[in-house]
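First comes the structure, then the notes that go with it.
Residue numbers (the numbering used here), protein chains in the order written: chain A, 1 to 257; chain B, 1001 to 1257.
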């Protein structure tokens, strides 16, 4: 009987997969991959039979059934099968359904975690999602419900939404209705983790304007403590003199054991 | 002037770092590393000068000052400096303080995201943190406040706590007080992502008993929709016949374009 590994590919760019994920991918004989992952990931398993099971081309209802059938079919041939998912499989990855189907057929599977988009977005913006003292909790949410309604609330110190960039005006209205003040900082990153990632900084009352910039790109939006921008680096003229700087550092370093 | 990269090492085991992180680590000349990361990570940068800046041995107040001084000192020598942090730098990584210090001195930095412990724990337990239809949001929280009080609430469909395994009885009391019913599923994983990870499954009213099993190990606890166990694989005798199974799959596969 073959093996099945669910692997988080990370937010998109191929080099944000984990080393463990890359190693298992290199050993794979069959890869069922989401459409959104970086084509460069294919270079990590050039000998494998790659099957695109992404959302393009299939209706939503049949899609999961087909993926389950493909997973079980290829595992039954004795192949090493990888199910490569965007982001992390345990966060908005619909892992539950595929894992249940695999188990019901008597297979065991391994799950390799990945970098979820929120973490890549925070890294790109250089705005940590938690802040010492006033940002103890961070909530990750899909703004869209199954019924395609937009829903957003105020539950954690920092609230992160995975969504489409064109929905920002609706998100702004929901967040205001949920009680976030108009001046709350909001950070938006589209195509997090890619070289062409875009970050823009807003307050809640100007968030809607960001939809032009990020429209048509997968987008991560976060509001609250973790969306506050850190001070930028000062211009060279405003910097403390290099010598004074070095003296201050030396005095601290001398305290090292 | 040197370069500074903040890199998330993942939850512990060296192979859960990203490929991007491993590549930058291999190019590093100086690495300031947290104490908790896998010693095997050193093999990824054997030529670098490694400095342990973990919590052991330093008082809390001086620690950050010393790390800032070391970062700036080595960057000023023109070195490629890596600040290697456990998990993801943007989640409970205290990235804010170090990034602010680096910027104030006129340096730019890059941030490479990592797998935060919650994702590794969910992968180990094979219990996705989000569930279709009834698990739309997941909140990550440190149960301990700065004042070393335990605080836990009920804010998202799934609530994840990063904490010490010995604090489970206190956590159980807080969660009950916050309104979670006694029969709510709770999942506990210690040493997530490592070969010796332990997963145990509870309901809120039996969670306190888990403290013996996980005491002394870094622990991730989650409650709510995402802590519900998936059905286990059936015993071989209870499985549908392989042939019937294969026929069902074939009929689905024939619908593929």
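Where is the CB? At the ideal position from N, CA and C, for every residue including glycine.
All of these numbers come straight from a predicted model, not from anything done at the bench.
Where residue 1116 (chain B) falls, given that 16 or more other Cβ within 10 Å makes a residue buried: The residue given as residue 1116 (chain B) occupies position 116 in the second chain. It is buried - the Cβ of residue 1116 (chain B) has at least 16 other Cβ atoms within 10 Å.
Below-9 Å beta-carbon distance, residue 171 (chain A) vs any chain B residue: Looking up residue 171 (chain A) in the first chain gives position 171. So, not an interface residue.
Touch test, the segment 147-161 of chain A against the segment 122-136 of chain A, Cβ-Cβ under 8 Å, three pairs minimum: yes
Enclosing beta strand (DSSP E) for residue 1201 (chain B) [first to last residue]: Here residue 1201 (chain B) refers to the residue found at position 201 when the second chain is read from its first residue. Start and end: 1198-1203.
Coil, strand or helix - residue 184 (chain A) by DSSP: To locate residue 184 (chain A), count along the first chain from 1; it is residue 184. Residue 184 (chain A): coil per DSSP, three-state reduction.
Short CB-CB distance (under 9 Å) between residue 181 (chain A) and chain B: One-based indexing of the first chain puts residue 181 (chain A) at position 181. Not one chain B Cβ lies under 9 Å of residue 181 (chain A).
Contact set between residue 1201 (chain B) and chain A, taken where Cβ atoms lie within less than 9 Å: The residue you call residue 1201 (chain B) lines up with position 201 of the second chain. Simply none; closest approach about 15 Å.
Inter-residue spacing [alpha-carbon to alpha-carbon] between residue 218 (chain A) and residue 1212 (chain B): The residue given as residue 218 (chain A) occupies position 218 in the first chain. The residue given as residue 1212 (chain B) occupies position 212 in the second chain. Taking the straight line joining both Cα atoms gives about 44 Å.
Residues sharing a beta bridge with residue 1015 (chain B), DSSP: Residue mapping note: residue 1015 (chain B) aligns to position 15 of the second chain, counting from 1. Its beta-bridge partners do not exist; DSSP assigns none.
Integer-rounded CB distance, given that residue 79 (chain A) should sit under 8 Å from residue 2 (chain A): Mapped onto the first chain, residue 2 (chain A) falls at position 2. Mapped onto the first chain, residue 79 (chain A) falls at position 79. Confirmed, about 5 Å.
Test: residue 99 (chain A) CB closer than 9 Å to a CB of chain B: Position 99 of the first chain, counting from 1, holds the residue named residue 99 (chain A). So, interface residue.
Spatial neighbours of residue 49 (chain A) in its chain, beta-carbon cut-off 6 Å, leaving aside the 5 residues before and after: The count along the first chain starts at 1 and reaches residue 49 (chain A) at position 49. Same-chain partners within the cutoff: 30.
Element boundaries [alpha helix (DSSP H), containing residue 1232 (chain B)]: Position 232 of the second chain, counting from 1, holds the residue named residue 1232 (chain B). DSSP places residue 1232 (chain B) in no alpha helix (DSSP H); its state is neither H nor E.
Validate contact between the segment 79-88 of chain A and the segment 14-30 of chain A using beta carbons, cut 8 Å, 3 pairs: Verdict: yes, contact present.
Residue 1086 (chain B) - containing beta strand (DSSP E), residue span: In the second chain, residue 1086 (chain B) corresponds to position 86, counting from 1. Careful: residue 1086 (chain B) lies outside any beta strand (DSSP E) and carries neither H nor E.
Short CB-CB distance (under 9 Å) between residue 1213 (chain B) and chain A: Against the second chain, residue 1213 (chain B) aligns to sequence position 213. No, because no Cβ of chain A sits closer than 9 Å to the Cβ of residue 1213 (chain B).
Same chain only: Cβ atoms within 6 Å of residue 1021 (chain B), ignoring 5 sequence neighbours per side: Position 21 of the second chain, counting from 1, holds the residue named residue 1021 (chain B). Within the same chain, residue 1021 (chain B) has close Cβ partners 1007 and 1112.
DSSP state of residue 1190 (chain B) mapped onto helix, strand, coil: Indexing the second chain from 1 puts residue 1190 (chain B) at position 190. It is a strand residue.
Residue 1206 (chain B) (DSSP reduced to helix, strand or coil): Residue 1206 (chain B) sits at position 206 when you count from the first residue of the second chain. Looking at residue 1206 (chain B) - three-state DSSP - the assignment turns out to be helix.
C-beta neighbour in chain B for residue 79 (chain A), strict 9 Å: What you label residue 79 (chain A) is simply residue 79 of the first chain in a count that begins at 1. Judged by the 9 Å Cβ criterion, residue 79 (chain A) is not in contact with chain B.
Partner residues on chain B for residue 107 (chain A), Cβ-Cβ distance less than 8 Å: Within the first chain, the letter at position 107 stands for residue 107 (chain A). The answer, in chain order, is 1233.
Anticipated Cβ contact below 8 Å, residue 141 (chain A) with residue 160 (chain A), distance rounded: Here residue 141 (chain A) refers to the residue found at position 141 of the first chain. Here residue 160 (chain A) refers to the residue found at position 160 of the first chain. Taking a contact as a CB-CB distance under 8 Å, the pair residue 141 (chain A) and residue 160 (chain A) counts as one, their CB atoms being some 7 Å apart.
Backbone secondary structure at residue 159 (chain A) - three-state DSSP: On the first chain, residue 159 (chain A) is found 159 positions in, with the first residue counted as 1. Three-state DSSP puts residue 159 (chain A) in a strand.
Cβ-based burial, residue 96 (chain A) [other Cβ within 10 Å; buried from 16]: Numbered from 1 along the first chain, position 96 holds the residue referred to as residue 96 (chain A). Its Cβ being crowded by 16 or more others within 10 Å, residue 96 (chain A) is buried.
Alpha-carbon to alpha-carbon, residue 1042 (chain B) and residue 185 (chain A): Taking the first chain and counting its residues from 1, the one referred to as residue 185 (chain A) is at position 185. Taking the second chain and counting its residues from 1, the one referred to as residue 1042 (chain B) is at position 42. Cα-Cα distance, rounded: 39 Å.
Residue 18 (chain A) classed as buried or exposed, judged by whether at least 16 other C-beta atoms fall within 10 angstroms: Here the question's residue 18 (chain A) lines up with position 18 in the first chain. Residue 18 (chain A) is buried by the Cβ-count criterion.
Whole-angstrom distance between residue 214 (chain A) and residue 149 (chain A), CA atom to CA atom: Position 149 of the first chain holds residue 149 (chain A). Position 214 of the first chain holds residue 214 (chain A). Distance between the alpha carbons of residue 149 (chain A) and residue 214 (chain A) is about 20 Å.
Simplified DSSP state of residue 1218 (chain B), which is helix, strand or coil: Along the second chain, read from residue 1 onward, the residue named residue 1218 (chain B) stands at position 218. DSSP places residue 1218 (chain B) within a strand segment (E or B) once states are collapsed to three.
Residue span of the beta strand (DSSP E) that contains residue 135 (chain A), given as start and end: The residue given as residue 135 (chain A) occupies position 135 in the first chain. Neither: residue 135 (chain A) is in no beta strand (DSSP E) and is coded neither H nor E.
Through-space distance from residue 1206 (chain B) to residue 1013 (chain B), alpha-carbon basis: As a first step, residue 1013 (chain B) is located in the second chain; it is residue number 13 there, counting from the start. As a first step, residue 1206 (chain B) is located in the second chain; it is residue number 206 there, counting from the start. Using only the alpha carbons, I get a separation of about 30 Å.
Beta-bridge partners of residue 1004 (chain B), as assigned by DSSP: As a working note, residue 1004 (chain B) is residue 4 in the second chain. Paired residues: B:1081 and B:1109.
Proximal residues of chain A, C-beta to C-beta of residue 1015 (chain B) below 8 Å: Here the question's residue 1015 (chain B) lines up with position 15 in the second chain. Those within 8 Å of residue 1015 (chain B) in chain A are 18, 19, 20 and 23.
Reference residue 227 (chain A); option with closest CA among A:179, A:128 and A:208: Mapped onto the first chain, residue 227 (chain A) falls at position 227. The candidate whose alpha carbon is nearest that of residue 227 (chain A) is A:128.
Same chain only: Cβ atoms within 7 Å of residue 1172 (chain B), ignoring 5 sequence neighbours per side: Against the second chain, residue 1172 (chain B) aligns to sequence position 172. Cβ contact annotation for residue 1172 (chain B) (same chain, cutoff 7 Å, sequence separation greater than five): 1204, 1207 and 1208, in chain order.
Beta-bridge partners of residue 1116 (chain B), as assigned by DSSP: On the second chain, residue 1116 (chain B) is found 116 positions in, with the first residue counted as 1. According to DSSP, residue 1116 (chain B) bridges with nothing at all.
Distance, residue 1034 (chain B) Cα to residue 1175 (chain B) Cα: As a first step, residue 1175 (chain B) is located in the second chain; it is residue number 175 there, counting from the start. As a first step, residue 1034 (chain B) is located in the second chain; it is residue number 34 there, counting from the start. Their backbone Cα atoms lie some 31 Å apart in a straight line.
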